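Comments concern the structure below.
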Amino acid sequence: MEKSFLNRVRNHQVHSHEPQTLHRIFRPVRRHAGRSPARRLRQPRHRYRFPVRPYTDTNGLLTDYGNAAASPWMKKLRSVAQGSGEAFRILQIGDSHTAGDFFTDALRKRLQKTWGDGGIGWVYPANVKGQRMAAVRYNGNWQSLNSRSAAADFPSAASSPKPAAAAA
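Mind the numbering: the sequence shown is residues 28 to 195 in our numbering, read in order.
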């Protein structure tokens with residue numbers, strides 16, 4: 028759009044044949060006239076300084092935004108890449124949105140393609156409805172407890188598996 032048209036929109040000089048939606052879009056701009064963008068946004072200052080252009084490694088797996096806490100992580104990953112024989116473990120902690128492997132699936136598959144598959148790791152030993160787990164099979168008699176169970180004695184979690192009583 029041309030600059031003069033935008034100026035007319037900001038100054039409420041839009042004619043009836045011009046899009047009225049722009050008039051509504053730019054109304055807040057006029058309301059905040061004279062205030063600095065910093066005062067309008069009130070964004071908190073961050074401890075970490077992010078580079079203008081984050082560095083992404085050559086295979087596109089990991090992006091370094093300049094976080095100092097990532098340095099030991101990357102150092103160990105390089106050591107594993109050079110054949111140190113160390114295990115490199117990633118623990119992803121979250122709530123129900125992470126339990127089904129939705130967020131971690133793509134990253135896990137890409138890392139396993141490059142570094143190999145070190146095994147499935149910790150797996151919930153029961154099938155919970157709605158969870159999309161990586162090829163997991165189990166056998167045995169498990170009972171699923173949740174926060175609505177009468178005798179819910181389990182660690183801090185929404186649900187927990189418990190081996191059912193042995194058949195008599």
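We treat Cβ as the ideally placed atom computed from N, Cα and C, and that holds for glycine. Source: prediction; values computed, not measured.
- In this structure, the CA atom of K136 is about 9 Å from the CA atom of G143.
- Secondary structure at L118: coil, using DSSP grouped into helix, strand and coil.
- G112 and N166 have their alpha carbons spaced roughly 33 Å apart.
- If you draw a 10 Å sphere on the C-beta of L134, you find fewer than 16 other C-beta atoms in it, and that means exposed.
- Residue state for S98 is assigned as helix, using DSSP reduced to three classes.
- Of the candidates A108, Q109, T131 and K103, the residue whose Cα lies closest to the Cα of Q119 is T131.
- Going by DSSP, D144 is part of no alpha helix (DSSP H) at all; its letter is neither H nor E.
- For S106, the secondary structure class from DSSP, reduced to helix, strand or coil, is helix.
- Exclusion of the five residues before and after P99 leaves no residue of its chain whose Cβ lies closer than 8 Å to its Cβ.
- In the same chain as S106, and ignoring 5 residues on each side of it, the C-beta atoms closer than 7 Å to its own belong to E113, in chain order.
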